[in-house]
Amino acid sequence: MPSSDTSSTDDVIFTARLIRTANPSRPTAHAIAVREGKVLAVGTLEECKEWGIENVDTRFADKVLTAGFVEAHAHSMSGMYSSIPYVGWFGRHMPDGTWVDSIRSTDDLIVRIRSIAESTPVGESIIVAGFDPIYMDSERLDRFHLDDATTHHPVFVFHASAHLATVNSFLLNKYDISTTSQAPGIGRQQDGTPNGELREPAAMALAKDEFRFIGRTVASQETFTHFGSAMRNAGITTVADLGNMFYATEESRSTLAQITSEAQFPIRVVSTSRITGGVTEARDTVPKIFASRQHEHDKLFFPIVKLVLDGSIQGFTAVLQWPGYFTGEDHGLFLTAPEQVVDILRPFHTAHIGIHCHCNGDATSEVFINAIETLLAEHSWLDHRHTITHAQLITSAQMRRAHNLGMVANFFINHMFFWGDQHRYTTVGPDRAQHLNPCATADRIGLNYSIHTDAPVTPPGHLHTMWAAVNRITPTGQVLGESERITIDRAFHAATIDAAYQLHLDHIVGSLEVGKYADMTVLDDDPYEVDSHTICDISVWGTVLGGVPQPRPTAPA
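Just so we're aligned, residue 1 is where the sequence shown starts under full-length UniProt numbering, counting upward by one.
This is the structure we're talking about:
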């Protein structure tokens, strides 16, 4: 495999207060030897020196090194907040390390948009992102609220889930989105007139200029560069960018290969195409993925594809089995027709391309599991690792079937904090909220799993996902599913080697073992030793990628 310019060419031994390897044969150490960007030895300083290396780097003597965190589900749009204003409920660090305060009411959102409108030419679009109306005590955000912000600009508020948007009347009129519009996902008032909410891509795409602007921004070199910085700042060394379009053309493939191969680009990327269209489009995508693999190097891989079956639970667009949603209107949408799933996935399965399928609701988990069972009966693949991604409402019975079929899960564990209270009281109610993202049940069944942030839906960083999996605490202090809590050791492996396994990369990343890339996360404290409630408060110095230290902007080099 071609090499980028990032890996170290000098032999070096790094020492640390502690090294956690995610390798059960030698789970801890105090020194690691690196040669040609790979792990040469892990152990004591004396053991590492037996390789004849005298170059000892002690900059991490008071730090904790861990196997580099692997994020198996994120999006390069995490870098978009360098170009699109952030208006989320929780304050957030931007890719450049700066902090943006939270938006805690609809009125605050209106004020923020008004301030943007003051410096925006009349008629020019205003696009903001990260808002989620489910947090608001007032009535749900609609076009009339946004009309209070401005009547002289089209306004497009992209929700935190990336599954919905809310727009103002100016924008609705711009595209003649009206009572007679037939696209699925248009939110409506009782009289049938649009209320400004656009649910899922078919509806959001009606706002052509604004939705395309987001698409162009997400696909830009600037955004992808900021994406790399955001991941590095959170301690991530390998990330799956799920559902992009870089595979589509030779030009885009070459551009991505160039960006990721640059020495200053600080992460390894699993670039994942999103399956769109029907069976014909699926068949046409397979050769494009194989063409993409010609551009692979040590920081770029194309092992998997992504299919999206439903929306988000907090947006009421995920598809749930009986009894459905606890409160609110059920807007569940199958984004891929269930009867077409087997035929759409067949070309990828038979070509031995791993499939990650977005299933928030238990109804969509059922569809995906059924499809994989059918495909495995047609074409045996003993090491497919097809992944139920999000898997938030997956049932115990579904997990047993998935385990028997060789499938794995990737739990959106951050929901326990960011939307835990909303799930308990609004979306799924007191019983099912205890079972959301059931890590411990998966362990009892034997279903392999990882945990993820889905950044930018929630901020990147596995210290928070591990904290959420260990504690399952909501912002109001409630514990949702005490029996689904897991240990920090289990959470650490879900954030490293098990995530690498889902990406078919566990032979080169995910643990600190001889022959693998020398990728490490650098922390100020040990997640195993601090109080479990403070895991998410540990500071990240940065990372080491291929033996090269990658400090975050505020960290001393």
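Using N, Cα and C, we set each Cβ at its ideal position, and we do this for glycine too.
Count the other CB atoms within 10 Å of the CB of residue i; is the residue buried (16 or more) or exposed (fewer)?
i           : result
Ser78       : buried
Leu480      : buried
Leu242      : buried
Asp431      : exposed
Gln258      : exposed
Arg188      : exposed
residue 561 : Here the chain covers residues 1 to 557 and nothing more, so residue 561 does not appear.
residue 559 : In the structure as shown, the chain starts at 1 and stops at 557, and residue 559 therefore has no counterpart that could be examined.
Asn448      : buried
Ser312      : buried
Thr327      : exposed
Trp99       : exposed
Ala455      : buried
residue 559 : This structure does not reach residue 559, given that the chain is present from 1 up to 557, and the question cannot be answered.
Thr238      : buried
Gln550      : buried
Would residue i pass as a contact of residue j if the rule is Cβ separation under 7 Å?
i           : j      : result
Ala72       : His452 : yes
Arg199      : Gly215 : no
Thr150      : Ala117 : yes
Ser365      : Ile388 : yes
Leu309      : Ile275 : no
Asn360      : His403 : no
Thr272      : Ala240 : yes
Val408      : Val367 : no
residue 640 : Ile538 : Not covered by the structure: residue 640. The range shown for the chain is 1 to 557.
Arg26       : Val12  : no
Thr543      : Arg268 : no
Thr28       : Arg20  : yes
Gly91       : Asp107 : no
Phe156      : Ile113 : no
Arg17       : Val64  : yes
Pro553      : Gly97  : yes
Gln502      : Arg400 : no
Would you grab the beta carbon distance between residue i and residue j for me? Rounded to a whole angstrom, and I think it's under 8 Å.
i      : j      : result
Ser169 : Arg140 : Ser169 to Arg140, Cβ: 16 Å. No contact.
Lys516 : Val509 : 6 Å
Thr458 : Phe418 : 5 Å
Val305 : Ile355 : 6 Å
Val34  : Ala397 : Val34 to Ala397, Cβ: 46 Å. No contact.
Leu333 : Thr317 : 5 Å
Asp362 : Leu393 : 4 Å
Gly37  : Gly547 : 5 Å
May I ask which residues mark the beginning and end of the alpha helix (DSSP H) holding residue i?
i      : result
Tyr501 : Ile497 to Gln502
Ser252 : Glu250 to Ser261
Gln398 : Ser396 to Asn404
Thr434 : Looking at the sequence shown, residue 434 is not Thr but Gln. First-last of the alpha helix (DSSP H) with Gln434: Gly429 to His435.
Gly215 : Lys208 to Val218
Where residue i and residue j are concerned, what is the direct C-alpha to C-alpha distance, given to the nearest angstrom?
i           : j      : result
Ala162      : Phe227 : 16 Å
Glu210      : Thr487 : 44 Å
Val470      : Glu124 : 46 Å
Ala291      : Ser483 : 46 Å
Phe158      : Ser178 : 20 Å
Ile110      : Gly406 : 49 Å
Gln190      : His423 : 26 Å
Ser76       : His352 : 25 Å
Asp298      : Thr465 : 26 Å
Ala234      : Pro460 : 6 Å
Trp541      : Asn23  : 22 Å
Thr15       : Ala500 : 25 Å
residue 564 : Cys48  : The chain is shown only over 1 to 557; residue 564 falls outside these bounds and no answer can be derived.
Pro95       : Gln264 : 15 Å
Ala160      : Glu50  : 52 Å
Gln182      : Met520 : 51 Å
Val270      : Ile236 : 13 Å
Asp147      : Glu281 : 40 Å
Asp498      : Leu320 : 27 Å
Arg253      : Leu375 : 29 Å
Ser83       : Glu222 : 9 Å
Asp330      : Phe60  : 52 Å
Glu339      : Pro121 : 47 Å
Residue i lies in the beta strand (DSSP E); which residues open and close that run?
i      : result
Ile236 : Ile236 to Asn244
Cys359 : Gly354 to Cys359
Thr15  : Val12 to Arg20
Thr389 : Thr387 to His390
Leu116 : First, the amino acid is wrong: residue 116 is Ile here, not Leu. That residue, Ile116, is in no beta strand (DSSP E); its alpha helix (DSSP H) goes Thr106 to Glu118.
Val167 : Leu164 to Val167
Pro287 : Run containing Pro287: none in the beta strand (DSSP E); it sits in the alpha helix (DSSP H), Val279 to Ser292.
Thr9   : Run containing Thr9: none; DSSP gives neither H nor E here.
Ser450 : Tyr449 to Ile451
Using beta carbons (cut-off 7 Å, strictly below), is residue i in contact with chain C?
i     : result
Met77 : Looking for chain C here will not work: only one protein chain is present.
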